[in-house]
Amino acid sequence: MIAVLPSGQQVAASNRAFLRRAVRYIITQGITQFLDLGSGIPTVGNVHEVAQNADPGCRVVYVDYDEVAVAHSHVILEDNPNATVITADLRRPQAVLTSPAVQTMLDFSRPIGLLIVAVFHFVPDDLRPRDIVADYRAALPPGSLLALSHLTADHAPQAMAAVTDAMKHSRDPMYFRPHAEVVALFDGLELVEPGVVSAPLWRPESGIRDIAPDDVYAGVGRKT
Ligand SMILES: C[S@@+](CC[C@H](N)C(=O)[O-])C[C@H]1O[C@@H](n2cnc3c(N)ncnc32)[C@H](O)[C@@H]1O
Numbered sequence: 055m056i057a058v059l060p061s062g063q064q065v066a067a068s069n070r071a072f073l074r075r076a077v078r079y080i081i082t083q084g085i086t087q088f089l090d091l092g093s094g095i096p097t098v099g100n101v102h103e104v105a106q107n108a109d110p111g112c113r114v115v116y117v118d119y120d121e122v123a124v125a126h127s128h129v130i131l132e133d134n135p136n137a138t139v140i141t142a143d144l145r146r147p148q149a150v151l152t153s154p155a156v157q158t159m160l161d162f163s164r165p166i167g168l169l170i171v172a173v174f175h176f177v178p179d180d181l182r183p184r185d186i187v188a189d190y191r192a193a194l195p196p197g198s199l200l201a202l203s204h205l206t207a208d209h210a211p212q213a214m215a216a217v218t219d220a221m222k223h224s225r226d227p228m229y230f231r232p233h234a235e236v237v238a239l240f241d242g243l244e245l246v247e248p249g250v251v252s253a254p255l256w257r258p259e260s261g262i263r264d265i266a267p268d269d270v271y272a273g274v275g276r277k278t
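First residue of the sequence shown: 55, per my numbering; consecutive thereafter.
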């Protein structure tokens with residue numbers, strides 16, 4: 055990917071920075087439990103670290119279907135009673151939601167922070183990504199928040215077409231979506247300010263003003 059999209063590392067970093075800001079925002083809204091779908095290989099500033107740094111009682115369930123990501127997460131979470139990881143396919147919401155780890159770690163009578171960060175661009179239209187989000191949304195109690203980011207080809211169509219091409223024959227082909235389709239993933243939720251924007255512009259903490267459009271859209275929505 056980086057061979058065809060030299061800004062790929064920057065895009066990944068700005069996505070992770072959004073993830074950290076979103077987790078901190080969610081905590082300011084009184085939420086202390088997280089379900090992180092497509093959590094990935096642990097890196098700097100993982101969700102449980104950011105969350106438990108703010109409130110040691112925060113609970114986190116990570117979900118991924120990649121054995122390497124899950125194995126690394128198991129090692130990191132070994133001594134953490136409030137965080138766990140499961141191997142599951144996020145495209146099967148009922149299997150995720152009814153898994154014993156999710157049922158024991160999360161309390162569905164209290165708001166939950168659902169994280170779908172940099173992963174739905176692996177879900178093709180024929181698997182109906184909006185319906186998948188809707189199934190998760192239906193299970194969440196009011197007051198829950200969804201933080202979602204998604205790669206787009208809106209700003210750099212040629213470079214992103216090269217990425218699509220490079221990923222076509224991998225296990226995880228990619229499907230970039232325009233702004234309106236990313237916004238539609240928040241159907242049934244109330245978008246918090248500033249809506250769905252380029253990731254660095256979502257509640258920047260360092261007063262960023264003039265920044266080039268990023269290849270990842272990000273937003274947070276509330277279930278009312
Ligand atoms: C680009 S990484 C994003 C990681 C993390 N959410 C972040 O933003 O840094 C995408 C992750 O989603 C996982 N993934 C992709 N499709 C998935 C699926 N259907 N079910 C579970 N995990 C999936 C991949 O294995 C990978 O670890």
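The beta carbon of each residue, even a glycine, is placed where N, CA and C say it ideally should be. As the structure is a computational prediction, the values presented were derived from the model and not from experiment.
- By the criterion of a C-beta distance shorter than 6 angstroms, Gln87 is surrounded in its chain by Arg113, Leu160 and Ile166, once the five residues flanking it on both sides are discounted.
- Boundaries of the alpha helix (DSSP H) harbouring Val187: Pro183 to Ala193, taken from the DSSP string.
- When only Cα atoms are considered, Ala213 and Gly62 end up about 10 angstroms apart.
- Val150 places its beta carbon 8 angstroms or farther from that of Tyr116.
- Distance from Val77 to Val104 at the Cβ level is roughly 5 angstroms; contact confirmed, criterion being Cβ atoms closer than 8 angstroms.
- Under the DSSP assignment, His204 falls in the beta strand (DSSP E) whose first and last residues are Leu199 to Leu205.
- A Cβ-Cβ distance of about 11 angstroms is found for the pair Val250 and Val270, leaving them out of contact under the 8 angstroms criterion.
- Per DSSP, reduced to three states, the secondary structure at Thr138 is strand.
- Runs of alpha helix (DSSP H) with 4 or more residues, each lying fully within the region 61-138, are found at 62-82, 101-108 and 121-131, listed in chain order.
- Contact residues of ligand 1 (beta-carbon closer than 5 angstroms to any heavy atom; chain order) are Gly92, Gly94, Asp118, Tyr119, Asp120, Ala123, Asp143, Leu144, Arg145, Val171, Ala172, Val173 and Phe176.
- Taking a 10 Å sphere around the C-beta of Arg146, we find fewer than 16 other C-beta atoms and assign the residue as exposed.
- Comparing alpha carbon positions, the residue from Gly275, Thr278, Ser260 and Pro254 closest to Asp268 is Pro254.
- The beta carbon of Val156 sits closer than 6 angstroms to the beta carbons of Val115 from its chain, once the five residues preceding and following it are set aside; these are given in chain order.
- Counting along the chain, the unbroken alpha helix (DSSP H) around Val237 starts and ends at His233 to Ala238.
- Straight through space, the alpha carbons of Leu59 and Val246 are spaced by roughly 31 angstroms.
- Of the other Cβ atoms in all chains shown, fewer than 16 fall within 10 Å of the Cβ of Leu181; this residue is therefore exposed.
- Taking a 10 Å sphere around the C-beta of Arg164, we find fewer than 16 other C-beta atoms and assign the residue as exposed.
- Judged by DSSP secondary structure, Val156 falls outside any beta strand (DSSP E) and instead within the alpha helix (DSSP H) spanning Pro154 to Met159.
- Contact between Arg191 and Lys277 holds: CB atoms are separated by about 6 angstroms, below the 8 angstroms threshold.
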